[in-house]
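Undergrad: All residue numbers for the sequence shown refer to my numbering, where the first residue is 240 and numbers rise by one.
Don't be surprised by glycine CBs; every beta carbon is placed ideally from N, CA and C.
Pasting a structure here, questions to come.
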Amino acid sequence: MHNRRDIDLRAAINAVSDVVQNRPRPLRELDQIYMKTGDMVLQSELVAKWADKKRLAFIGDGDAISVCVSYLKHRGIFDYGPSEVAVFDFDERICGAIARFADKERIETLGSTLYNVLDAFPKLGDFDCFYTNPPWGASNDGASVNVFVQRGMEAVGCDGEGMIVIADDHQIEWPQRVLASVQSFALSRDFFVQKMASKLHLYHLDDNPDLRSCNLLIKSLPGAPCPESSSAITDSERLENFYGHKQDIRIKYVREKKRVDYGKAHDDEYRYEYYGDQ
Ligand SMILES: C[S@@+](CC[C@H](N)C(=O)[O-])C[C@H]1O[C@@H](n2cnc3c(N)ncnc32)[C@H](O)[C@@H]1O
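Below you can see the structure in the form of structure tokens.
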């Protein structure tokens with residue numbers, strides 16, 4: 240049991256605000272939809288406690304919970320948190336923003352790798368736990384979630400835990416189907432569901448601002464066989480409608496064209512009109 244002090248809430252919110260300033264703008268067509276800031280603070284505390292002293296892999300992380308967890312621990316706002324955090328994301332802007340933030344703040348425990356979940360996972364079994372907030376699989380019964388979950392399982396090998404953040408609404412059909420599909424995928428891969436914390440987080444989602452997500456916690460079964468290798472995923476059934484209806488997965492990487500300071504206005508979005516101008 241940990242004997243924990245209360246956190247300094249103002250310092251925590253301000254630190255998360257530093258992280259939010261550093262996030263690239265989301266690409267809606269690739270299901271990048273960011274979690275709201277208050278929920279990020281609470282989620283970061285939960286993740287830092289859950290992964291205390293562990294090696295944690297993020298399979299995709301536009302939200303930047305990885306950065307929050309590492310930064311809050313580094314600043315001493317949390318006195319718990321993972322010993323190592325590695326983000327695997329196919330968006331070079333996200334990987335770059337994480338690497339630059341870690342470098343600026345001298346956070347040696349945080350790193351990022353450009354990686355597409357369709358490719359073989361490069362660090363089989365190197366981690367104790369994984370976190371993923373994947374595309375939510377509304378149009379493919381959770382197949383896209385299960386691709387991310389599979390990579391998380393490979394990250395922890397045959398001994399570890401995962402936190403899966405997906406839609407949770409019991410009035411609409413698709414989130415319930417996805418929840419069932421992800422839980423049965425976990426069981427089929429020798430993981431069991433430890434806990435589900437329902438309807439926790441809200442998002443900057445224009446067409447459904449009330450849709451919440453849950454934390455679904457899974458754990459490997461004792462004595463489960465270890466994966467010996469990881470391979471590319473090419474099965475067309477798992478790739479259809481990946482990011483939504485008729486949005487199959489065809490992009491390998493999102494490349495960064497121009498390095499921008501996300502916290503400042505870009506010079507192509509405004510102009511000055513001076514006194515005396517005609
Ligand atoms: C799809 S979003 C899901 C919503 C989540 N709230 C967010 O915006 O981070 C999760 C992350 O997965 C990444 N991602 C999407 N497709 C990917 C792929 N094929 N391989 C690796 N990462 C991917 C995105 O860049 C993003 O950072």
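Report yes if the CB atom of V384 is closer than 8 Å to the CB atom of F366, and no otherwise.
TA: Within the sequence shown, numbered from 1, the residue matching residue 384 stands at position 145. Within the sequence shown, numbered from 1, the residue matching residue 366 stands at position 127. It is not a contact, given that the beta carbons lie outside the stated cut-off.
Undergrad: If you reduce the DSSP assignment to three classes, tell me which class F430 lands in.
TA: Locating residue 430 in the sequence shown gives position 191, counting from the first residue. It is a strand residue.
Undergrad: Return the CA-CA distance between V258 and C307, expressed in angstroms with no decimal places.
TA: Taking the first residue of the sequence shown as 1, we reach residue 258 at position 19. Taking the first residue of the sequence shown as 1, we reach residue 307 at position 68. Each residue's Cα considered, the two are about 6 Å apart.
Undergrad: Using the Cβ count rule (16 or more neighbours within 10 Å means buried), how would you classify S283?
TA: Along the sequence shown, one-based indexing puts residue 283 at 44. That one is buried.
Undergrad: Who are the Cβ neighbours of T352 in its own chain at under 6 Å, not counting the five residues just before and after it?
TA: Taking the sequence shown and counting its residues from 1, the one referred to as residue 352 is at position 113. Counting only Cβ-Cβ distances below 6 Å, and skipping sequence neighbours, we find F327.
Undergrad: Can you give me the Cβ contacts of S420 inside the same chain, cut-off strictly under 6 Å, excluding the 5 residues immediately before and after it?
TA: Locating residue 420 in the sequence shown gives position 181, where the first residue counts as 1. Excluding positions up to five away in sequence, the list reads D380 and G381.
Undergrad: I think A359 touches A471, with their Cβ atoms under 8 Å apart; what is that distance to the nearest whole Å?
TA: On the sequence shown, residue 359 is found 120 positions in, with the first residue counted as 1. On the sequence shown, residue 471 is found 232 positions in, with the first residue counted as 1. The Cβ separation is near 6 Å, so the contact holds.
Undergrad: Considering only the beta carbon of each residue, do I457 and A504 sit closer than 8 Å?
TA: Numbered from its first residue, the sequence shown carries residue 457 at position 218. Numbered from its first residue, the sequence shown carries residue 504 at position 265. No.
Undergrad: Does ligand 1 have even one heavy atom less than 7 Å from the beta-carbon of N355?
TA: Start at 1 with the first residue of the sequence shown, and residue 355 comes out as number 116. Answer for N355: yes, Cβ within range of ligand 1.
Undergrad: Note down the Cα distance separating R262 from G301, rounded to an integer number of angstroms.
TA: Within the sequence shown, numbered from 1, the residue matching residue 262 stands at position 23. Within the sequence shown, numbered from 1, the residue matching residue 301 stands at position 62. In a straight line, the C-alpha of R262 is about 8 Å away from that of G301.
Undergrad: Sorted by chain position, which residues of the same chain lie with C-beta nearer than 6 Å to G391's C-beta, five sequence neighbours on each side aside?
TA: On the sequence shown, position 152 is the one that residue 391 refers to. Counting only Cβ-Cβ distances below 6 Å, and skipping sequence neighbours, we find I298, F369, T371 and G401.
Undergrad: Check each candidate in I337, F317, Y354 and I403 and name the one with the smallest Cα separation from V324.
TA: For the purposes of this step, residue 324 is taken as residue 85 along the sequence shown, with counting starting at 1. The shortest Cα separation from V324 among I337, F317, Y354 and I403 belongs to I337.
Undergrad: Check whether the Cβ of G335 lies closer than 7 Å to any heavy atom of ligand 1, and answer yes or no.
TA: Locating residue 335 in the sequence shown gives position 96, where the first residue counts as 1. No, the Cβ of G335 stays beyond 7 Å of every heavy atom of ligand 1.
Undergrad: Please indicate yes or no: does the CB of Y370 lie closer than 7 Å to some heavy atom of ligand 1?
TA: Numbered from its first residue, the sequence shown carries residue 370 at position 131. False, no ligand heavy atom lies under 7 Å from that Cβ.
Undergrad: In the DSSP assignment, the beta strand (DSSP E) including F327 goes from what residue to what residue?
TA: Counting from one through the sequence shown, the residue named residue 327 turns up at place 88. E323 to D328 is the extent of the beta strand (DSSP E) around F327.
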